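Before any comments, here is the structure.
Protein chains: 4
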Amino acid sequence: MNNPKNPKMGHNKKTFLETPVEHIDITSFDSRKIIESMDKMSFTSRDTAKASGIFNEMLSDKNCTIFLTLAGSTSAAGCMKIYSDMVKYNMVDVIVATGASIIDMDFFEALGFKHYQGSQFQNDALLRENHVDRIYDTYIDEEQLQVCDKTICDIADSLEAKPYTSREFIKEIGKYLKNNSKKKGSLIETSYDNNIPIFCPAFTDSSAGFGLVMHQEKKPKRHMTIDSIREFRELTEIKIRSKSSGLFMIGGGVPKNFVQDTVVCAELLGKNVDMHKYAIQITVADARDGACSSSTLKEASSWGKVDTLKEQMVFAEATSVLPLIASDAYHRNIWKNRQRKSFSNIFG
Amino acid sequence: MNNPKNPKMGHNKKTFLETPVEHIDITSFDSRKIIESMDKMSFTSRDTAKASGIFNEMLSDKNCTIFLTLAGSTSAAGCMKIYSDMVKYNMVDVIVATGASIIDMDFFEALGFKHYQGSQFQNDALLRENHVDRIYDTYIDEEQLQVCDKTICDIADSLEAKPYTSREFIKEIGKYLKNNSKKKGSLIETSYDNNIPIFCPAFTDSSAGFGLVMHQEKKPKRHMTIDSIREFRELTEIKIRSKSSGLFMIGGGVPKNFVQDTVVCAELLGKNVDMHKYAIQITVADARDGACSSSTLKEASSWGKVDTLKEQMVFAEATSVLPLIASDAYHRNIWKNRQRKSFSNIFG
Amino acid sequence: MNNPKNPKMGHNKKTFLETPVEHIDITSFDSRKIIESMDKMSFTSRDTAKASGIFNEMLSDKNCTIFLTLAGSTSAAGCMKIYSDMVKYNMVDVIVATGASIIDMDFFEALGFKHYQGSQFQNDALLRENHVDRIYDTYIDEEQLQVCDKTICDIADSLEAKPYTSREFIKEIGKYLKNNSKKKGSLIETSYDNNIPIFCPAFTDSSAGFGLVMHQEKKPKRHMTIDSIREFRELTEIKIRSKSSGLFMIGGGVPKNFVQDTVVCAELLGKNVDMHKYAIQITVADARDGACSSSTLKEASSWGKVDTLKEQMVFAEATSVLPLIASDAYHRNIWKNRQRKSFSNIFG
Amino acid sequence: MNNPKNPKMGHNKKTFLETPVEHIDITSFDSRKIIESMDKMSFTSRDTAKASGIFNEMLSDKNCTIFLTLAGSTSAAGCMKIYSDMVKYNMVDVIVATGASIIDMDFFEALGFKHYQGSQFQNDALLRENHVDRIYDTYIDEEQLQVCDKTICDIADSLEAKPYTSREFIKEIGKYLKNNSKKKGSLIETSYDNNIPIFCPAFTDSSAGFGLVMHQEKKPKRHMTIDSIREFRELTEIKIRSKSSGLFMIGGGVPKNFVQDTVVCAELLGKNVDMHKYAIQITVADARDGACSSSTLKEASSWGKVDTLKEQMVFAEATSVLPLIASDAYHRNIWKNRQRKSFSNIFG
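Chains as they are written, first to last, in our numbering: chain A, 1 to 348; chain B, 1001 to 1348; chain C, 2001 to 2348; chain D, 3001 to 3348.
Given below as structure tokens:
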């Protein structure tokens, strides 16, 4: 076995890639009692419980559109099924994510590949030699990633040469997976099935970027482009059509900022929209650097983006607390009374 | 209710001190399935599961003396019952803690007082006016703390004037609580009942210090002192008498360093002892500042204090992950086969 | 004055926006002696000095293309002139940045607006009422930001309706500023003057996004788009044409990942390029969350993106150490012997 | 040379211990211009400048007793001379420190030993084999540390068998160093020369503890003890005799808490004292864990320990910003007009 305390034991790609990451199943345990207990405590436990409470309020609010934002690598680290279950069980209406979360991780596993348990103490030169890529304590087979890049290129080649939003292109990927996925139930495929739009505002900054550059290179005259302006307009349209809205944010980054900015964008378009009414963020980022990823939700309220009545930061690495929050919501069954919003349909 | 989103609503001590912190009960939920799932993930979830695994190994190792170290304010924040349950269910043999954890928090609640849920955003000047002391998002009635100080003084007044180790003095507090505690089952009382020694290497740096200074001031000629040298010798004696040892560390600080140093101290006394064989630490501290609290267990191994085969850092705020680790251990029942080590008895 | 210790004193926009942030001038003090001393110390001081040393090596290496990446809000916080001075004094060849750094901050000040010293403890509801936006402890006049958005729309309206890369569009902004800037010497204008390309891979996720959505809304049939695929190809072309390359990264985010990915992209295009030979990153991010922003440069080497011989992470908030590194480099005068690479010219 | 990028190159103790840490000399560069510039910026740079400003106010306030507290390992990392220069140039009146800062680091170097530049990536097993102890990226010769332990034992053996406060014992060490120091100008010796008392409230938790346990073991009947209660009373006496007081805190830990607690202790003794009027703390600790080390100075004000008008947290690793603050204060020469308080003298 790949011993994290003695990382040198694994000498070759085969031994490095021995123990796949298995994604946690929030239906297999019931965290309600834990969350209820944490609600009576302090520090991060209480923050976690308060975030749970706000998420349950979002689910109870029939008018509330729930945006899930994903940044960081939690999908690689065992949370991938949480996100697709949130879609499956109607706990999220729109996804805004980094390209890596959607393409390098979710699409990658849908193609039948896996992430592997590794060690952050491993010598990187040895990994390099073996074409093993490392995300903190998790490994990926670089050659499999290249298959992923290439498949994106193939999908792009098969499409009409015109500007796409990332949402439109990811919908095409969903269509592709209906026929070609090796692993069923990926986030892309489940979202496709349920008309949940997925936006990747910095789409090129991922494995998708490699595939799309190859596509343009192959077809210098007739190729697709990504119109990230129109995609911002699309996301804003969803905000405009939502009476109320809530944000469930894993990490920060471009997805966090992008979805918050829809409020400002709607205003600039002359539309009367409310601030996001509910907001929770799970992050280890540190507010002191003044970056958006780490900016508190209170700060966002000064910009008129997020209301402050129902917001909760949880300063924790998401893999440790997200399973509790999501399992609590699953077992409370509030989702059973929600109607699917099917926002993909509004774009025809 | 004390609204953390609108902290100004609470105007007086009564409204500030409305919602007591309730301590989580690890027997009331079963986290085994969660820990097992996290073991197959990555990042902090896996670290948490690995720490659980190492703790279970400590419990299985009949020769292993388990040292629990406490720094920080998790006892105030809802983990107090976890620690007394760990003693009750024979999952720990020795405690090394900050004075605050033992006196300001555990003894304080044993006297019938409580900690309260508050807000880190509350204006501190208003708290000051109301004699409410704040620990991050948790409140304490300052006047009750003064009762706590005074009781320590009374206990000291009642004792023979001689040097005590903190262990000896805390044993006297245990004796006092047998007759006077308002809340039964405190960590001090449970430890007293089970002959578990408690050491506070910086004992004066707490509410105890206030009481003991008052005691010396009242009795300038005949008073007790704390001999922290002998107490280091006592703790080292326990290490010397242990075939094997493991550390379960909440936060860092003096308790972490003190218990690790017993290995070096034993060597300097000419005794042949092993490094601590097992070690887990839950902390948010950041290794980059070179302080002991944040130093990794690998670093400790360079000093010959901790073995590296069975060590795990969990970078998390303890209230969020400790309940999972402790509940897992409780439900696995390994503790049922452990013999009590009753180390208090070796000191007569 | 705006008292950070008594934030309530400022009641209206005028009093909130009283003390402008002034940008530090690295030519006005000489940090060489400090850096030399820090090189002989440990912890973050030594990391800072090592980063200085690597930057000086980049400047000495005639073949080295220097990429400056900007994420976070250091431009708002007083580092804006550092970046334009780095361009002015030929210490950087390419810039990859968040849209906010370039548009909301640099372009914003070029239009004659300012950032203001504020307080992270200020009540955000009061800021909201006064249309003052907060970045940690720094304030912005929201109405001025809207002028910035609108100006972007005007520039877009004036251009030919076709797909632009962010680089091409920012070049047009530079052209606009040549005639219209109120503050001379902005990063955009200085870069324009010196043929330094600026890339914003998530361009829409900024004030630019607002302006461009307005532009498309006004001109539904004939409007510009941003082709972020081609822009990745352009950045990769620069990497391909560079014998050697170095990264000077402020924060992480999309800019960090994007510029590192050029190595992989070049390979996929069949080009033989070296890993980035030099790399320094200043960040407060925490590697434990497995996100790219916080991933160490050693981790990047497992992906074949960054060489490990000359890399240094500096775990610090950039405003505190960047002035030392940049002033050291300025005063060593190595830049005087560098030839301008004028990469803007390769795109015609 | 010891290559931090290729830590395996150093195979034996000699090659590990090749490059000594050299302590930065705040008189050799003038940071005033940098601090003045940072005062006009935001984020950590402004916090640093504000801390400088408060320190200069402390120095200007003739009534202000300045307490320097030291926790963490900055003395090992190149700041040792800063602290002794602060004493030499009359910028500090009392020192409260961890035992490690005073004994393992300052006394250790006074005996002629050194700290060495190392690497945090070095394999700790190899260090262990070579008896090299690691503090993050800094190395120590373990055998030299044992000489340090033993010397403490010798000093204790030479003293009258009675209870000492750590202050009294450290004064004896100062006396010893007058005749025996190999390196002149250590913090202990300079403090001894200038009647600056040094307190170590958790004294046993250091190399001193090892020496003192050996001492008691050698002399089971007649030995010294450390009375940490009386030492708290002594420190409180200094607070009582000070019209005004200010705290300059490096890290947190027991020293921070201990010195803050003097206000409460004085009150309990019926003395009328003010809160600490000025307070600055440099730390990387994270307030979210509710521990004292990381607790903000605003939180301390709820306890009535620290006034909030003149307090500043600087969230930075101290080696990176302390040299700037201390050099600024040195070059402003305010210290030239201060009178020595010579607090050691009040204890006879």
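Positions of the beta carbon are idealized from the N, C-alpha and C atoms, including for glycine.
Bear in mind the structure is a predicted one, so any value in this text is a computation, not a measurement.
Handout entry: Extent of the continuous alpha helix (DSSP H) run through residue 1304 (chain B)
Key = Per DSSP, residue 1304 (chain B) belongs to no alpha helix (DSSP H) and is neither H nor E.
Exercise for the section: Examine chain B for any beta-carbon lying closer than 7 angstroms to the beta-carbon of residue 3350 (chain D), and answer yes or no. Expected result: Residue 3350 (chain D) is absent from the structure shown; chain D starts at 3001 and stops at 3348.
Handout entry: For residue 3308 (chain D) and residue 3285 (chain D), the rounded distance between their alpha carbons
Key = Approximately 20 angstroms, taken between the alpha carbons.
Exercise for the section: List the residues that DSSP assigns as beta-bridge partners of residue 1068 (chain B). Expected result: According to DSSP, which records beta bridges pairwise, residue 1068 (chain B) is partnered with B:1095, B:1248.
Exercise for the section: For residue 2222 (chain C), go through chain A and note every residue whose CB falls closer than 9 angstroms to its CB, in chain order. Expected result: Those do not exist, as residue 2222 (chain C) stays about 13 angstroms from chain A at its closest Cβ, beyond 9 angstroms.
Handout entry: Neighbour-count burial assignment, residue 220 (chain A), 16 or more Cβ in a 10 Å radius
Key = Residue 220 (chain A) comes out exposed.
Problem - Chain-ordered residues of the segment 67–93 of chain A with a beta carbon less than 9 angstroms from chain C - result: Here the close residues are 71, 72, 73, 74, 76, 77.
Exercise for the section: Taking only the alpha-carbon atoms, compute the straight-line gap between residue 1206 (chain B) and residue 3260 (chain D) and give it to the nearest angstrom. Expected result: Spanning the two alpha carbons is a distance of roughly 11 angstroms.
Practice task
Please classify residue 184 (chain A): is it buried, with 16 or more other beta-carbons within 10 angstroms of its beta-carbon, or exposed?
Solution key: Counting C-beta atoms within 10 angstroms of its own C-beta, residue 184 (chain A) has fewer than 16 neighbours from the protein chains shown and is therefore classed as exposed.
Exercise for the section: Quick one: residues in its chain with C-beta nearer than 8 angstroms to the C-beta of residue 3160 (chain D), no 5 flanking neighbours on either side, listed in chain order? Expected result: Cβ neighbours of residue 3160 (chain D) within its own chain (closer than 8 angstroms, five residues either side excluded): 3224.
Exercise for the section: Give the single residue among D:3089, D:3088, D:3116, D:3083 whose Cα lies nearest to the Cα of residue 3101 (chain D). Expected result: Checked all of D:3089, D:3088, D:3116, D:3083; the closest Cα to residue 3101 (chain D) is D:3083.
Handout entry: Cβ-Cβ distance between residue 266 (chain A) and residue 296 (chain A) below 7 angstroms
Key = Here residue 266 (chain A) is not near residue 296 (chain A), since their CB atoms are 7 angstroms or more apart.
Exercise for the section: Starting from the C-beta of residue 156 (chain A), find all residues in its chain whose C-beta is less than 7 angstroms away, skip the five residues before and the five after it, and write them out in chain order. Expected result: The residues are 211, 212, 215, 224.
Handout entry: Min CB distance residue 1101 (chain B) to chain A below 7 angstroms
Key = Chain A, which has no Cβ nearer than 7 angstroms to the Cβ of residue 1101 (chain B), makes this no.
Exercise for the section: Tell me, please, whether the CB atom of residue 1202 (chain B) is closer than 7 angstroms to any CB atom in chain D? Expected result: Chain D contact via Cβ: present.
Problem - Spatial distance of residue 3052 (chain D) from residue 3335 (chain D) (CA atoms) - result: Residue 3052 (chain D) and residue 3335 (chain D): Cα-Cα distance of roughly 14 angstroms.
Handout entry: Span separating the alpha-carbon of residue 1998 (chain C) from that of residue 1330 (chain B)
Key = Outside the modelled stretch of chain C, which goes from 2001 to 2348, sits residue 1998 (chain C), for which no answer is possible.
Practice task
Starting from residue 1132 (chain B), follow the beta strand (DSSP E) in both directions and report where the run begins and ends.
Solution key: 1132–1135 is the extent of the beta strand (DSSP E) around residue 1132 (chain B).
Handout entry: Nearest-angstrom Cα separation, counted from residue 280 (chain A) out to residue 1004 (chain B)
Key = Confidence in residue 1004 (chain B) is poor, its pLDDT being 47 and thus under 50, which makes the residue's placement unreliable; the coordinate value appears in the next sentence. About 15 angstroms.
Problem - Identity of the residue in D:3294, D:3204, D:3304 nearest residue 3097 (chain D) by Cα - result: Per the C-alpha coordinates, the member of D:3294, D:3204, D:3304 positioned closest to residue 3097 (chain D) is D:3204.
Practice task
Tell me, please, whether the CB atom of residue 1947 (chain C) is closer than 7 angstroms to any CB atom in chain B?
Solution key: Residue 1947 (chain C) cannot be examined here, being either before or after the span of chain C that is shown, 2001 to 2348.
Problem - Min CB distance residue 3176 (chain D) to chain B below 7 angstroms - result: Contact with chain B is absent for residue 3176 (chain D), since none of that chain's Cβ atoms lies less than 7 angstroms from the residue's Cβ.
Practice task
In angstroms with no decimal places, state the Cα-to-Cα distance between residue 3200 (chain D) and residue 3255 (chain D).
Solution key: Using only the alpha carbons, I get a separation of about 7 angstroms.
Exercise for the section: Establish whether the CB of residue 1288 (chain B) and some CB of chain C are separated by less than 7 angstroms. Expected result: Interface with chain C (7 angstroms Cβ-Cβ cutoff): residue 1288 (chain B) is included.
Problem - Alpha carbon of residue 197 (chain A) to alpha carbon of residue 1245 (chain B), nearest angstrom - result: One alpha carbon belongs to residue 197 (chain A), the other to residue 1245 (chain B), and they sit about 54 angstroms apart.
Exercise for the section: Spell out the partners DSSP gives residue 1199 (chain B) in its beta bridges. Expected result: In the DSSP output, where bridge partners are listed per residue, residue 1199 (chain B) has B:1096.
Handout entry: Rounded straight-line distance, which links the Cα of residue 3033 (chain D) to that of residue 2340 (chain C)
Key = One C-alpha to the other measures close to 31 angstroms.
Problem - Where residue 3122 (chain D) sits in the DSSP three-state scheme - result: The answer is coil: DSSP assigns residue 3122 (chain D) none of H, G, I, E or B.
Exercise for the section: Throw me the rounded Cβ distance for the residue 1128 (chain B) and residue 3301 (chain D) pair, which I believe falls under 8 angstroms. Expected result: Indeed, because the Cβ distance is near 6 angstroms, the residues count as touching under 8 angstroms.
Handout entry: Nonlocal neighbours in the same chain, by C-beta distance under 6 angstroms from residue 2008 (chain C), ignoring five residues either side
Key = Low confidence applies here, because residue 2008 (chain C) scores a pLDDT of 49, under 50, leaving its location unreliable and the question unanswered by this model.
Handout entry: Residue range of the unbroken beta strand (DSSP E) whose run includes residue 276 (chain A)
Key = That run of the beta strand (DSSP E) goes 276–283.
Practice task
Report yes or no: is there a C-beta of chain D within less than 7 angstroms of the C-beta of residue 1348 (chain B)?
Solution key: No, because no Cβ of chain D sits closer than 7 angstroms to the Cβ of residue 1348 (chain B).
Practice task
Compute the distance between the beta-carbons of residue 1264 (chain B) and residue 1275 (chain B), then report whether it is under 7 angstroms.
Solution key: The answer is no: Cβ separation not under 7 angstroms.
Exercise for the section: Return the chain-ordered list of same chain residues with a C-beta closer than 6 angstroms to the C-beta of residue 2133 (chain C), the five sequence neighbours on each side being excluded. Expected result: Answer for residue 2133 (chain C): 2140, 2142, listed in chain order.
Problem - Stretch pair the segment 3286–3293 of chain D + the segment 36–50 of chain A: three plus CB contacts closer than 8 angstroms - result: By the Cβ test, the segment 3286–3293 of chain D is in contact with the segment 36–50 of chain A, since at least three Cβ pairs between them sit closer than 8 angstroms.
Exercise for the section: Determine the direct distance from the alpha carbon of residue 1013 (chain B) to that of residue 1130 (chain B), and round the result to whole angstroms. Expected result: C-alpha separation (whole angstroms): 5 angstroms.
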